[in-house]
Every structure is written in C-alpha cells, then in structure tokens.
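Q: Pasting a structure below so you can have a look.
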C-alpha cells in the first residue's frame, strides 16, 4: 500500500499581502517536506537487489526456526496451500501457515504463499492434478481468483507457484505438453495480483527446460523471480549415492537457465538437508543436525568434498550419506553473487542450519 496525499478543503479567507507572503512561504516549505508520499509503518521494506528467501513448511517449520534465520532473509516462502482434487480451487491455509505469516511480518520480512500440486493421496507432486487446472480455462480463472482472495484476506505479499513433476521423465511422449496451461495460469495470475510479487519454482536440469514443461520466455516475462530448485540431483529411490545438489551440476543447471532468463530474475535454490543410502531397505531424509548426530552415532568421519561443496560419509556397514549444510549454503551464495543472480532460495527453514 502506498501513501496518499490529501488536499485540504478549508475555505479561503481574505488576508493582507504581508500575511499572504508569509503563508505562501510556509506553504512552499510544507510542500517540500511532503513531496514524497509517506508509506504506513506496515508497508514491507522495498525489495533489495539480492533477495534471500527461506522456504518454510507449514506442517514442520516452527516460528522459532523462522526467527533464527530472520536477520539473513528478505522473504519467507510459506508452503501452505495445494490445488484441490478437482483442479478448480485451493486448500485453505492451516494454522501453521498463518502463524509463519504473522512471524515473518513481525520480523519485517515479506511473506509469499506457495501453491503446489502436492497430492496427499500419492504423497508426491501430481502431474494429473496440475493438468486438471491447465486443461480448463474455467479452472484456471477459479484458482487465480481463490489465490487473490487469500492474498487479500490474510495480507500475503505475493504468491509462489510450486507446480512440480509437470512432465514425467519416464514418458517421453508428453515432453513439454504442459507449457500452454502453465503459461495461461501464470499470465492470468500476474494480471490479477497487481503489485503483489509473483515467483515460480523450476526443477533444475542441465538439459532442456522446455522438456520439463517450461516456456522460459513467457515465464520470465510475467514473474518477478524464478527460483531454480538446484537440489535433489541424487536421492534414495531414484539414484545411487551422491550429493544433494553438487556444485558442478548446480553450475550447469544455472548456465542452462541463464541462456533464456536474465540473471537478475534468477534465485539459486539451495537444499539444506541430507539423504542416506543404506545397503538394505529404504533411504531416509535427514535435517542437518540429525545427520551430524547420525554420523556420530556410527563413529564415522564426515568428509568435505571440495568439488561438490557438500559433506559425505560412509559407514562400516556400507551405508552412505550426503548432506548440504551452512558451509554448502555459503558456497552457493558466493556463486549467486559471482553470477549476478537475483538471490538465493533455501529449502528449508528448520531442516538446515540457521541462515
């Protein structure tokens, strides 16, 4: 909200010339002191050149964990709502999301609301769910209207689009087929949000972003920031043991994106957490503190990879772990500055070390 100037409606009175001269001088001084509109105290601080966003999970991140990183951030992205099963609306933000919003504003931070295509039924991001919206202009307008109502109702500073798994990498016959629907959604949401910020999270790749369902030219033209999710290069269930988001892979992913998107519009996504690859059974996700405790419990030595800029360890039984922590984060912030990117975006507050 910007400040307003209000003109006086007081009646004019007849005055002598000396008094009139004094009044004129006083008026000039008053106009000089009021030439710039004054913003209310609640107006967010203007967006700086380098933006640091910390993502918070409404079901896991506490207000204390947000507060621990507040001084290092400019914005908090609250993972708070998802598309409804019919693709025509959004779920209501839970109490945790609203508490994180209030905490962010109390720390004078901007707060954006993440909307995703997460499905509790499959416990993963759902491409069919996103397509239910993309394939219907009526559903797109309905979701846009619902997001605008939520922004207005709870005073969010913007929206972050987090629609993932838009193209199943295993199904080569549908590569890029989500572009038109996503483009339409972003275009309509941008127009409806007005001065509120709009950003979008993109899955990182060293190949073609269009193959993942992204029309970079359209997206870059309508959003304030593109957050490149430069993490999950490796993970249990889809790869052998390796870094969460190794530096060589991160650099290639950013370079590919910069071919089509201005550097100033890119936020480098940083994953602060870790994975395990046991010799038997299913791997697990660990927060940074839990991973360090896990390694210590196995009397293993943590090794810093100067190439990947992450930590790893191998246990006596053959289990392997990799994780990204505060040291990894600092290396990626330095990379973002060296490339003149618009900032960094961290997943997630509470899992990683305080920023």
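Residue numbers (this note's numbering): 1376 to 1730.
Each residue gets a CB set at the ideal place from its N, CA and C atoms; glycine is no exception.
Would DSSP call residue 1482 helix, strand or coil?
A: Of the three classes helix, strand and coil, the one that applies to residue 1482 here is coil, per DSSP.
Q: Going by other Cβ atoms of all chains shown within 10 Å of its Cβ, with 16 needed for buried, is residue 1428 buried or exposed?
A: It is buried - the Cβ of residue 1428 has at least 16 other Cβ atoms within 10 Å.
Q: Rounded to whole angstroms, what's the CA-CA distance from residue 1662 to residue 1453? Just pull it up for me.
A: Their Cα atoms are separated by approximately 18 Å.
Q: Could you give the distance in angstroms between the alpha-carbon of residue 1514 and the alpha-carbon of residue 1567?
A: Approximately 15 Å, taken between the alpha carbons.
Q: Taking the C-alpha atoms as reference points, what is the distance between residue 1447 and residue 1501?
A: Using only the alpha carbons, I get a separation of about 33 Å.
Q: Which value, in whole angstroms, describes the spacing of the CA atoms of residue 1644 and residue 1486?
A: Going from the Cα of residue 1644 to the Cα of residue 1486 covers about 17 Å.
Q: Distance, Cα to Cα, residue 1561 vs residue 1670?
A: The alpha-carbon atoms of residue 1561 and residue 1670 are separated by roughly 43 Å.
Q: So residue 1648 and residue 1660 are supposed to be a Cβ contact under 8 Å. How far apart are they, rounded?
A: Between residue 1660 and residue 1648 the Cβ distance is about 6 Å, and since that is below 8 Å, they are a contact.
Q: Could you tell me if residue 1542 is buried or exposed, where buried requires 16 or more neighbouring beta carbons within 10 angstroms of its beta carbon?
A: The residue in question, residue 1542, is buried, as its Cβ has 16 or more Cβ neighbours within 10 Å.
Q: For residue 1497, does the three-state DSSP call read helix, strand or coil?
A: Coil.
Q: When you compare the CB positions of residue 1687 and residue 1640, do they come within less than 8 Å of one another, or not?
A: In this structure, residue 1640 does not lie closer than 8 Å to residue 1687 by Cβ.
Q: Determine the DSSP secondary structure at residue 1671, reduced to helix, strand or coil.
A: Residue state, collapsed to three classes: helix.
Q: What are the complete beta strand (DSSP E) segments, minimum 3 residues, inside the stretch 1657-1730?
A: If we require 3 residues or more, the beta strand (DSSP E) runs fully inside the stretch 1657-1730 come out as 1678-1680, 1685-1689, 1695-1698 and 1718-1722.
Q: Which same chain residues, not among the five before or five after residue 1729, have their C-beta less than 7 Å away from its C-beta?
A: Around residue 1729: 1443 and 1444.
Q: What do you get for residue 1571, buried or exposed, if any count of 16 or more other CB atoms within 10 angstroms of its CB means buried?
A: Buried, because 16 or more other Cβ atoms sit within 10 Å of the Cβ of residue 1571.
Q: Can you look up residue 1604 in the DSSP assignment and give me helix, strand or coil?
A: Three-state result, residue 1604: strand.
Q: Could you name the residues of the same chain whose beta carbon sits closer than 7 Å to that of residue 1594, not counting the 5 residues immediately before and after it, in chain order?
A: These residues qualify, in order along the chain: 1561, 1575 and 1601.
Q: Any chance the stretch 1675-1686 sits against the stretch 1694-1702, with 3 or more Cβ pairs inside 8 Å?
A: Because the criterion of three Cβ pairs below 8 Å is met, the stretch 1675-1686 and the stretch 1694-1702 touch.
Q: Is residue 1586 helix, strand or coil by DSSP?
A: Helix.
Q: Put residue 1510 into one of helix, strand or coil per three-state DSSP.
A: Coil at residue 1510, not helix or strand.
Q: Return the Cβ separation of residue 1557 and residue 1573 in integer angstroms, given the expectation that the two are a contact with Cβ distance under 8 Å.
A: That pair is no contact at about 13 Å.
Q: Indicate the three-state DSSP secondary structure (helix, strand or coil) for residue 1358 in the structure shown.
A: Residue 1358 lies beyond the range of the chain shown here (1376 to 1730); nothing can be said about it.
Q: The ligand SAH and residue 1435: does the residue's C-beta get closer than 7 Å to at least one heavy atom of that ligand?
A: Among the components of this structure there are no ligands whatsoever, and the ligand SAH is therefore not found.
Q: Buried or exposed for residue 1468, going by 16 or more other Cβ atoms inside 10 Å?
A: Looking at its Cβ environment, which holds 16 or more other Cβ atoms inside 10 Å, residue 1468 is buried.
Q: How far does the alpha helix (DSSP H) with residue 1561 in it reach, from first residue to last?
A: Where residue 1561 is concerned, the enclosing alpha helix (DSSP H) stretches over 1554-1568.
Q: Using only the alpha-carbon positions, how far apart do residue 1580 and residue 1563 sit?
A: Each residue's Cα considered, the two are about 27 Å apart.
Q: Hey, residue 1635 and residue 1591: beta-carbon distance below 8 Å or not?
A: For residue 1635 and residue 1591, yes; Cβs fall inside 8 Å.
Q: Could you tell me the distance, in whole angstroms, from the CA atom of residue 1475 to the CA atom of residue 1426?
A: Each residue's alpha carbon lies about 19 Å from the other.
Q: Which residues in the same chain have their Cβ closer than 6 Å to the Cβ of residue 1683, if we skip the five residues on either side of it in sequence?
A: Correct list, in chain order: 1618, 1621 and 1622.
Q: Hey, would you say residue 1462 sits closer than 8 Å to residue 1504, going by beta carbons?
A: For residue 1462 and residue 1504, yes; Cβs fall inside 8 Å.
Q: Under the rule that 16 or more other beta-carbon atoms within 10 Å means buried, what is residue 1672, buried or exposed?
A: Its Cβ having fewer than 16 others within 10 Å, residue 1672 is exposed.
Q: Spatial neighbours of residue 1389 within its chain, please: CB distance less than 7 Å, with the 5 preceding and 5 following residues excluded, ordered by chain position.
A: Because residue 1389 carries a pLDDT of 30, less than 50, the predicted location of this residue cannot be relied on, and the following value inherits that uncertainty. Same-chain partners within the cutoff: there are none.
Q: Going by C-alpha to C-alpha distance, which of 1690, 1587, 1459 and 1509 sits closest to residue 1493?
A: It is 1459 whose Cα lies nearest to the Cα of residue 1493.
Q: Taking only the alpha-carbon atoms, compute the straight-line gap between residue 1715 and residue 1723 and give it to the nearest angstrom.
A: Using only the alpha carbons, I get a separation of about 23 Å.
Q: Going by the DSSP bridge assignment, what does residue 1573 pair with across the sheet?
A: In DSSP, residue 1573 forms a bridge with 1534.
Q: Is the Cβ-Cβ distance between residue 1606 and residue 1646 less than 8 Å?
A: Yes, the Cβ-Cβ distance between residue 1606 and residue 1646 is below 8 Å.
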